Each structure stands twice: as structure tokens, then as C-alpha cells.
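Number of protein chains: 2
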Amino acid sequence: MRTQKAGKANDETTRQRVVRSAIERFADKGFHGTGIRDLAEAAGLTTSTLYHYMANKDDLLVEIMESAIAPLKRAAEQILETHPDPAVALASIVEHHVWAHASDRLACIVTDTEVRALSGERLDRVMALRDAYEGVWKRAVAAGISAGIFHADAPGVAARALLQMATGVSHWFSPSGSLKLDELCRFYSDGALGFLKARKPDGSALERADLELPAPNHYLG
Amino acid sequence: MRTQKAGKANDETTRQRVVRSAIERFADKGFHGTGIRDLAEAAGLTTSTLYHYMANKDDLLVEIMESAIAPLKRAAEQILETHPDPAVALASIVEHHVWAHASDRLACIVTDTEVRALSGERLDRVMALRDAYEGVWKRAVAAGISAGIFHADAPGVAARALLQMATGVSHWFSPSGSLKLDELCRFYSDGALGFLKARKPDGSALERADLELPAPNHYLG
DNA sequence: GTCTATATACAGATAGAC
DNA sequence: GTCTATCTGTATATAGAC
Numbered sequence: 002m003r004t005q006k007a008g009k010a011n012d013e014t015t016r017q018r019v020v021r022s023a024i025e026r027f028a029d030k031g032f033h034g035t036g037i038r039d040l041a042e043a044a045g046l047t048t049s050t051l052y053h054y055m056a057n058k059d060d061l062l063v064e065i066m067e068s069a070i071a072p073l074k075r076a077a078e079q080i081l082e083t084h085p086d087p088a089v090a091l092a093s094i095v096e097h098h099v100w101a102h103a104s105d106r107l108a109c110i111v112t113d114t115e116v117r118a119l120s121g122e123r124l125d126r127v128m129a130l131r132d133a134y135e136g137v138w139k140r141a142v143a144a145g146i147s148a149g150i151f152h153a154d155a156p157g158v159a160a161r162a163l164l165q166m167a168t169g170v171s172h173w174f175s176p177s178g179s180l181k182l183d184e185l186c187r188f189y190s191d192g193a194l195g196f197l198k199a200r201k202p203d204g205s206a207l208e209r210a211d212l213e214l215p216a217p218n219h220y221l222g
Numbered sequence: 002m003r004t005q006k007a008g009k010a011n012d013e014t015t016r017q018r019v020v021r022s023a024i025e026r027f028a029d030k031g032f033h034g035t036g037i038r039d040l041a042e043a044a045g046l047t048t049s050t051l052y053h054y055m056a057n058k059d060d061l062l063v064e065i066m067e068s069a070i071a072p073l074k075r076a077a078e079q080i081l082e083t084h085p086d087p088a089v090a091l092a093s094i095v096e097h098h099v100w101a102h103a104s105d106r107l108a109c110i111v112t113d114t115e116v117r118a119l120s121g122e123r124l125d126r127v128m129a130l131r132d133a134y135e136g137v138w139k140r141a142v143a144a145g146i147s148a149g150i151f152h153a154d155a156p157g158v159a160a161r162a163l164l165q166m167a168t169g170v171s172h173w174f175s176p177s178g179s180l181k182l183d184e185l186c187r188f189y190s191d192g193a194l195g196f197l198k199a200r201k202p203d204g205s206a207l208e209r210a211d212l213e214l215p216a217p218n219h220y221l222g
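In C-alpha cells, the structure reads:
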């Protein structure tokens, strides 16, 4: 049996297999709906051996969530710093989010739905990360309103509405659906500009097609 | 002790207390995160007595979900039948949904997040109801596109995006927030029209302020 | 690093007295 | 309609041999 010896680059370590199969079960049946025996079976281990690869079930969940949110936050911050045009920045943040939530669906479902399974210091850490990411969205919307490009009475509410809309992609996206992934990203960023009533200086609607954006998967953490 | 004898109209029966406190616990800790003993304690009963008021935990969850979705579906269908203008119909459906999800937050959270706790015939029933409700949203969006009022490449995706956006309200709304409930409803319906690029015959943007809508709580099941 | 065996607590649900 | 007492299964986690 291989353990951690060098292998081909796409070989999965036991540790990675534990995390990946846990994501699948948590996404399907929920954190509390998945037992230690389920996790062990899914990873092809006994429960005792499973505990060699994780401290406990709670910490495994926290790691899954932090691994999902932290790269999103880093990318969004980088986008906001890089692009002075608020419309470009917001559209790019939306597209990156949609791209990530369609590409890594199950981890995003777990992250989005199992926060309430945590408590104490674990909950605090995940919430802080989540709030920080939401804060980037709010700053992006607020910047567009300050610049007179977006028009919305409640920037915080608008940011949350768009974030929740884009997060929902993880619950239904399929590569075999009517929209390809890059089309889906454009659809959501264009819709977000519409939601925010983005306008050009002449007052006409500013659309996604008017913008030059980096590829949605350009900002990989 | 009162049981089912007549009392003042706002007296809560034991049965209603069981359902209400179950909604609170399920919304807070999740279905699998809430034990029978938690439910009994929350309702001020022993576990045995709790079983006098419900068949089992699964059926209690199904009842909570059906009680939340069925009125939404009925209202949306009635709105769609009543209003020939697709912009009015869609905006009204959005406002009713937001109003319900802000007014009855906890039941909507449970309904939105615990579908995966069900299986078999229970899952089938709830999914059928949910799909039927989503279908009304899709028909509303499609009607607007056919009429040349909305402009979106993927009506099904747009409907789901708007539905998920509006559903998110249940996760954060507070009556003490920056927007009052009726303002929130208008904010979301206006945003939805923007997302769908609603246009007047002259090509200018069609906004919520251009429409005459019934009150968001007009369609009560 | 993997196993068998097990500790301890709690899950959902019921029996049967009053 | 409410209770005490309890059944049976499963939960998370660990001990200690190999």
C-alpha cells in the first residue's frame, strides 16, 4: 500500500481522500446526518484509522470550510485592489464566485449550509472569515455607488442579495446544463449589473458585454 | 390545564406550541442536530407526551415544510393568473416571497435547508411541491421574455437565481434593520426587474416605481 | 498506519400506569 | 393527556495490539 511516498502528481493521498469523501457525504446528508462510520466507509478505512487522519469531526468540517472561503476572500480582495473601475471589479468578483461555486460545488454546499453545526471558537473563526468575504462584496458595491455607476438605496442589502444569488449556483449547477460554465459566469455578472442598475455616463445601461474582464478562474489562491 | 377547550383566539394549543418550538430548534441547530429530548424540552413536555402530538420526527419536519411552501405556491399561481402584465406578475411574486420569508423566517430556513434530511416518499412529496413553486417563477419569467419585456438568455436559470436571492432574506432579515419590510420587498422586486433587464416599449428601463402592485401580503393562503 | 474491541453517551421510539 | 421507566440502536471517540 502507498502511504505518502512520491507518486504521480495526480495521485491522491489518503488524507486528501478522507477530506474529499467527507465533503461528498456532508453535502449529501449533512454534517449531523453523516456518522463517523459513514466517513470511514467512504474513505475505505476503519473508524480508528480515520482518526489517524483527522483530530475529530468538528475540526474536519472547519478545515473544509476554511479551505473553501479563504481562497475566495483572497481573490476578491486582489480583484478589488487591482481594478479601479467598480463595474469591472464587481463583475469580476461575481464571475470568480460563480466559477468557484460551480467547479467545487460540494465543498461550497457544505460551507454554505453547515455553519450552524459549529460552536465556540470554531464558529467564531469561520464566521469571521465569512464576514470578511462578505465585506469585500459590500465595498465593491459601495464603490460603484460612490462613483455614480451603480444605483441602489441599500448597498449592504444589495451585496448580500447578489452574494446569496451567486452562492445558489452550487446547489444545481451541472456541466451538462443549458449554459456552459463561462456563459453562466457572464450571465450572473450581467444580471448583477442589471440588479445594481449600472449606467454609463450617458445614462444608458452598462452591460457585461461593455466590459473587458479577466477570465473567471484567473485569480487562483 | 387547558387542552383544546375554547379560549381567546390567540391562545396557542399544545400542538401549535410543539410545531413552533420545533421550527425554532430546527432552524437553530438543524434537524439532525436537534434531538427528541430537545424538542420535548422546548415544548415543555416529556418525550412520551411529545409523541402524543406528532407521529414521529420526520413527519413533523414534512408538515413544517408543506405548511411553508403550499401557501407560497397557491399565492404565486393566483398572482400569475390574475395579472396579465408579466412585469406586474413577476414583481408581485417576488414581493410576496420576500414578505413571507421575512415574516416567517425560521420556518423558511428549515424548509430551505433540511430537504436533504428527508428520503423516500416524504422527500418526493416535498420536492414535488418545491418544483411546482419554482415552476411558477419560471413561467412568470418566460412570459415576460415572450412579451418582449424581459431580456435574458436562460429563463430557467434566471428564475432560479432570483428565487434563491429572495429566499436568502430569511437568513438575515431583522425588523430593526435599515429597510422596513415593505421597502425590502420593493428593493428586491426592483432589483429583479433590473436583473431581467425589464424595458418599456420605448426601450428605457422599466422600474418597480412604474408599476401598480397589490400589497405584498395581499395573497394570504 | 492499520487493526479489533470497547467505553460512554445519546439517538428515536415505546410500554403501560394513572 | 401526561407521566416514569426503559428498549434498542447508533453516536463520537479511544485503548492498545501488531
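Chains S and W, in that order, give the protein sequences.
Just so it is clear: in the first sequence, position 154 is 155 by the working numbering, and no numbers are missing.
Just so it is clear: in the second sequence, position 100 is 101 by the working numbering, and no numbers are missing.
Ideal Cβ positions, reconstructed from N, Cα and C, are used throughout, including at glycine.
All figures in this text were calculated on a predicted structure; none of them were measured in a lab.
Using a beta-carbon distance below 7 Å, is residue i in contact with chain S?
i                      : result
residue 166 of chain W : yes
residue 58 of chain W  : no
residue 77 of chain W  : no
residue 169 of chain W : yes
residue 34 of chain W  : yes
residue 136 of chain W : no
residue 204 of chain W : no
residue 2 of chain W   : Its pLDDT being 40, under 50, residue 2 of chain W is placed unreliably in this model, and the coordinates cannot settle the point.
State the CB to CB distance for the pair residue i and residue j, rounded to an integer number of angstroms; the pair is presumed to be in contact (CB under 8 Å).
i                      : j                      : result
residue 127 of chain W : residue 67 of chain W  : 7 Å
residue 111 of chain W : residue 37 of chain W  : Rounded, the Cβ-Cβ distance is 17 Å, inconsistent with contact.
residue 69 of chain W  : residue 29 of chain W  : 16 Å between Cβ atoms; not a contact.
residue 90 of chain S  : residue 84 of chain S  : 4 Å
residue 62 of chain W  : residue 118 of chain W : 6 Å
residue 201 of chain S : residue 151 of chain S : The pair is not a contact, with the Cβ atoms about 12 Å apart (cut-off 8 Å).
residue 99 of chain W  : residue 189 of chain W : 5 Å
residue 194 of chain W : residue 208 of chain W : 6 Å
residue 114 of chain W : residue 114 of chain S : 6 Å
residue 155 of chain W : residue 180 of chain S : 6 Å
residue 182 of chain S : residue 108 of chain S : Contact flag wrong, Cβ pair sits at about 16 Å.
residue 145 of chain S : residue 88 of chain S  : 6 Å
Could you name the residues of chain W that residue i contacts, counting a contact when the two beta carbons are closer than 9 Å?
i                     : result
residue 29 of chain S : 117
Counting only beta-carbon separations shorter than 7 Å, does residue i have a partner in chain W?
i                      : result
residue 179 of chain S : yes
residue 196 of chain S : yes
residue 152 of chain S : no
residue 121 of chain S : no
residue 149 of chain S : no
residue 192 of chain S : yes
Which chain S residues sit within Cβ distance under 9 Å of residue i?
i                      : result
residue 189 of chain W : 158 and 162
Just reading off the alpha helix (DSSP H) that residue i is part of, what are its end residues?
i                      : result
residue 182 of chain W : 182-196
residue 32 of chain S  : Premise fails: residue 32 of chain S is in no alpha helix (DSSP H) and is neither H nor E.
residue 202 of chain S : Note, residue 202 of chain S: premise wrong, no alpha helix (DSSP H); not H, not E.
residue 51 of chain S  : 48-54
Run down chain W in chain order and give the residues with a C-beta less than 8 Å from the C-beta of residue i.
i                      : result
residue 114 of chain S : 114
Run down chain W in chain order and give the residues with a C-beta less than 7 Å from the C-beta of residue i.
i                      : result
residue 155 of chain S : 179, 180 and 188
residue 173 of chain S : 161
Unbroken alpha helix (DSSP H) runs of length 4 or more, entirely within the stretch 73-127 of chain W: which are they?
The stretch 73-127 of chain W contains these whole alpha helix (DSSP H) runs: 87-104 and 106-114.
Counting only runs that start and end within the stretch 144-169 of chain S, where is the alpha helix (DSSP H) found for 4 or more residues in a row?
Here the runs fully enclosed are 156-168.
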